[in-house]
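Its first residue numbered 10, the sequence shown is counted upward by one per residue in the working numbering.
Backbone N, C-alpha and C fix where the C-beta goes; we use that ideal spot for every residue, glycine too.
Accompanying notes for the structure given below.
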Amino acid sequence: MRGHYHSMPCSFFSLSCLQNKSSFSAKQCQDNVDLNMAGFNLFKLLDLDPGSEEDIQRLDVNSIIKELQQNPSSAAKKYRFSYIEKCFPLQQAILLRAPFEVISLLLSIFPDAAKEYYEIRYYGRLPIHTVCEFGASLDTISCVLESWPDAITVKDDENRTPLHAACIGGASLDTISFLFESWPDAIKEKDDENRLPIYWACIGGASLDVISLLLESQPGAVKVKDTLHSTLLHVACRGGTL
């Protein structure tokens with residue numbers, strides 16, 4: 010159901026993989042005809058399932074950094090990974106919860122990747138949306154935003170801002186404060202379900218400090234109803250905030 014997600018379900022990526030994995034691998038090679046050996050090395054290091062905790066733990070950070078240092082041009086190529094549409098390494102690294110060291114290196118080599126929409130769960134979004142939703146560190150989020158500051162005002166295909174995404178993902182007070190200070194008007198923006206960011210914070214059981222910050226900045230939010238005619242109090246009760 011649209012709009013009702015708090016974290017990436019493990020089954021999503023598994024179901025999206027084609028049934029015939031061997032033929033899909035051949036298609037990957039065909040789609041990436043411009044890859045040199047260096048590019049293929051990075052592809053292999055990142056070609057993991059973002060929906061699998063085991064695969065995420067297998068991410069070889071040191072090897073990725075070494076590969077990028079030796080072959081920086083590989084960061085500016087698009088790859089068709091096994092579990093996601095064709096995208097730059099930055100997007101895949103974010104989905105795999107790569108640490109700041111990897112994300113910052115990718116962006117230092119190819120900052121324009123921060124401007125690239127990509128398809129995930131059949132709708133488009135920027136890297137900033139995903140990095141905010143997936144609980145990345147504040148340093149990582151700041152690094153992505155510094156690469157393209159205008160991204161703070163960009164909405165995804167469900168009309169959600171990075172602040173929406175952070176609230177959905179249960180981001181910390183520091184992260185919410187940083188995004189709010191970067192674009193204060195974000196608290197007034199409604200998504201396709203007529204939900205303000207504070208709605209998603211309540212649904213996700215955010216801390217009282219986060220709720221207080223958002224509500225003090227937008228007290229009128231208590232009167233807004235979403236497309237299901239639910240008020241902020243309704244969603245707070247359902248989400249466990251109260």
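Query raised in the report: Between the C-alpha atoms of A3 and F97, what's the straight-line distance to the nearest angstrom?
Result: The requested residue 3 is not part of the displayed model; the chain covers only 10 to 251.
Query raised in the report: Quick one: what does DSSP say P178 is sitting in, helix, strand or coil?
Result: Position 169 of the sequence shown, counted from the first residue, corresponds to residue 178. Just to set this straight, residue 178 is Gly in the shown sequence, not Pro. The answer is coil: DSSP assigns G178 none of H, G, I, E or B.
Query raised in the report: Distance, Cα to Cα, P108 vs P136?
Result: In the sequence shown, residue 108 corresponds to position 99, counting from 1. In the sequence shown, residue 136 corresponds to position 127, counting from 1. About 14 Å.
Query raised in the report: Got a sec? Which residues, its chain only, sit under 8 Å from K199 by beta carbon, not counting five neighbours each side?
Result: Taking the sequence shown and counting its residues from 1, one reaches residue 199 at position 190. Within the same chain, K199 has close Cβ partners N168, L205, V233.
Query - Proximity of A210 and C176 at Cβ, strictly below 8 Å - result: For this step, residue 210 is matched to residue 201 along the sequence shown. For this step, residue 176 is matched to residue 167 along the sequence shown. Yes, they are a contact pair.
Report task. Determine, using beta carbons only, whether L115 and L99 come nearer to each other than 8 Å. Result -> Working through the sequence shown from its first residue, we reach residue 115 at position 106. Working through the sequence shown from its first residue, we reach residue 99 at position 90. It is a contact, given that the beta carbons lie within the stated cut-off.
Requested in this report: Take R1 and list the residues in its own chain whose beta-carbon comes closer than 8 Å to its own, dropping the five residues that flank it on each side.
Outcome: For residue 1 there is no data in the structure shown, the boundaries of the chain being 10 and 251.
**Report entry** Integer Cβ distance of L222 from L182, believed to fall under 8 Å
**Finding:** Here residue 222 refers to the residue found at position 213 when the sequence shown is read from its first residue. Here residue 182 refers to the residue found at position 173 when the sequence shown is read from its first residue. Rounded, the Cβ-Cβ distance is 7 Å, consistent with contact.
Query - Helix, strand or coil at L114 [DSSP, three-state] - result: The residue you call residue 114 lines up with position 105 of the sequence shown. Correct three-state label for L114: helix.
Query raised in the report: Just how far apart, CA to CA, sit T170 and G133?
Result: As a first step, residue 170 must be located in the sequence shown, where it is residue number 161. As a first step, residue 133 must be located in the sequence shown, where it is residue number 124. Computed Cα separation, rounded: 12 Å.
Query raised in the report: Leaving out five residues before and five after K124 in sequence, what residues of the same chain have Cβ atoms less than 6 Å from its Cβ?
Result: Taking the first residue of the sequence shown as 1, we reach residue 124 at position 115. Once the five neighbours on either side are set aside, the close Cβ partners of K124 are W157.
**Report entry** C-alpha gap between S91 and P193, whole angstroms
**Finding:** For the purposes of this step, residue 91 is taken as the residue at position 82 of the sequence shown. For the purposes of this step, residue 193 is taken as the residue at position 184 of the sequence shown. When rounded, the distance between both Cα atoms is 38 Å.
Query raised in the report: Considering only C-alpha positions, which residue in the set E94, P81, A195, I185 is nearest to L217?
Result: Along the sequence shown, read from residue 1 onward, the residue named residue 217 stands at position 208. When only C-alpha atoms are compared, the closest one is I185.
Query raised in the report: Counting only runs that start and end within the segment 74-135, where is the alpha helix (DSSP H) found for 4 or more residues in a row?
Result: 98-104, 109-118
Report task. Could you please give the first and the last residue of the uninterrupted alpha helix (DSSP H) stretch that includes T149? Result -> Taking the sequence shown and counting its residues from 1, the one referred to as residue 149 is at position 140. Start and end: 147-156.
Query raised in the report: Among N71, I93, L51, which one has its Cα closest to the Cα of Y127?
Result: Counting from one through the sequence shown, the residue named residue 127 turns up at place 118. If we check each option's Cα against that of Y127, I93 comes out closest.
Query raised in the report: Can you list, in chain order, the residues of its chain whose CB lies under 6 Å from that of F119, leaving out five sequence neighbours each side?
Result: For the purposes of this step, residue 119 is taken as the residue at position 110 of the sequence shown. The answer, listed in chain order, is A84, A85.
Query - Limits of the unbroken alpha helix (DSSP H) element including P193 - result: Position 184 of the sequence shown, counted from the start, is the residue given in the question as residue 193. Unbroken run through P193: none, as it is neither H nor E.
Query raised in the report: Which stretch, first to last residue, makes up the alpha helix (DSSP H) that contains R67?
Result: Within the sequence shown, the letter at position 58 stands for residue 67. First-last of the alpha helix (DSSP H) with R67: 62-67.
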